[in-house]
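To start, the structure itself, in structure tokens.
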Amino acid sequence: MLRPTPSRMRRDGDLYALEAALARRGLGPVAGADEAGRGACAGPLVVAAVILPPSARLEELNDSKLLTEAARERVFERLRRSRALVSVVSYGPREIDRRGIAVCNLEGMRVAVARLPERPGYTLTDGFPVPGLPGSLGVVKGDRTAACVAAAGVVAKVTRDRIMAELDGGHPDYGFAVHKGYSTAAHEAALRRWGPCEQHRLSYANVAAAAVPAAV
Numbered sequence: 303m304l305r306p307t308p309s310r311m312r313r314d315g316d317l318y319a320l321e322a323a324l325a326r327r328g329l330g331p332v333a334g335a336d337e338a339g340r341g342a343c344a345g346p347l348v349v350a351a352v353i354l355p356p357s358a359r360l361e362e363l364n365d366s367k368l369l370t371e372a373a374r375e376r377v378f379e380r381l382r383r384s385r386a387l388v389s390v391v392s393y394g395p396r397e398i399d400r401r402g403i404a405v406c407n408l409e410g411m412r413v414a415v416a417r418l419p420e421r422p423g424y425t426l427t428d429g430f431p432v433p434g435l436p437g438s439l440g441v442v443k444g445d446r447t448a449a450c451v452a453a454a455g456v457v458a459k460v461t462r463d464r465i466m467a468e469l470d471g472g473h474p475d476y477g478f479a480v481h482k483g484y485s486t487a488a489h490e491a492a493l494r495r496w497g498p499c500e501q502h503r504l505s506y507a508n509v510a511a512a513a514v515p516a517a518v
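Take any residue in the sequence shown, count from 1 to its spot, add 302: that is its number in the numbering used here.
Written out as structure tokens, the structure reads:
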């Protein structure tokens with residue numbers, strides 16, 4: 303198999319240029335994989351893999367962190383209508399505590415890609431290659447550089463945000479629908495007041511500290 307060099311790449315300009323270059327060399331279809339929730343202290347880690355249709359040019363597609371919630375929802379719907387191939391995997395708080403966030407993240411990318419309806423010839427990931435993926439290529443700032451990685455990031459983010467909004471209904475004291483489980487000042491204050499719930503990652507230092515009763 304031909305392999306682009308170096309294994310960690312960044313392409314400026316057209317969001318679709320890298321995928322197109324790989325396809326021209328016979329290395330397609332090209333999948334992108336990305337996650338949402340790695341830095342949160344509550345809720346699941348969600349990993350998505352996406353293969354975009356060859357002709358897809360999705361309006362507003364970009365790094366999910368640069369899009370508003372409304373824009374992410376629009377891109378998500380456009381992805382659905384585009385007939386992109388999509389796979390999503392999630393890991394709950396107890397599994398993250400047991401196995402570690404890094405292990406879950408890497409495994410999630412491998413599992414998400416393996417569950418795609420079509421096996422990719424190449425897989426692009428954000429920042430670093432992932433062992434075990436077909437033709438794994440780490441792309442610096444991949445969610446701002448490669449359309450399939452950006453698409454995977456949007457799918458992961460929208461899916462996780464919807465989960466956190468649902469979890470908010472059962473745990474209204476924590477504000478999950480607002481901060482999505484990340485360690486904002488409001489979330490930290492709720493942790494100190496109420497302690498962790500079952501959706502918190504007990505292996506995270508701030509959560510563990512909130513679980514310890516204050517000394518009398």
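We put the beta carbon where it would ideally sit given N, CA and C, even for glycine.
In this chain, the beta strand (DSSP E) harbouring LEU439 covers 438–441. Per DSSP, the unbroken beta strand (DSSP E) holding ALA338 starts and ends at 332–338. Judged by DSSP in its simplified three-state form, ALA323 adopts helix. Shown here, SER505 sits in coil according to DSSP, grouped into three states, outside any helix or strand. For ASP470, the uninterrupted alpha helix (DSSP H) segment begins and ends at 449–472.
Around MET411, the same chain offers ALA335, VAL349 and VAL432 as residues with beta carbons nearer than 6 Å, after the five sequence neighbours per side are excluded. For ALA350, the enclosing beta strand (DSSP E) starts and ends at 347–353.
For the pair ALA344 and ARG421, the Cα-to-Cα distance works out to about 32 Å. The residue among ARG494, GLU500 and GLN501 with its C-alpha nearest the C-alpha of ALA511 is ARG494. Judged by DSSP secondary structure, VAL514 falls outside any alpha helix (DSSP H); it is assigned neither H nor E. With respect to the 8 Å criterion, VAL441 and LEU418 are not classified as neighbours on the basis of their beta carbons. Shown here, ALA491 sits in a helix according to DSSP, grouped into three states. Unbroken beta strand (DSSP E) stretches of 3 residues or longer found wholly inside the stretch 367–410: 387–393, given in chain order. In the same chain as HIS502, and ignoring 5 residues on each side of it, the C-beta atoms closer than 7 Å to its own belong to CYS343, ALA344, PRO395 and VAL509, in chain order.
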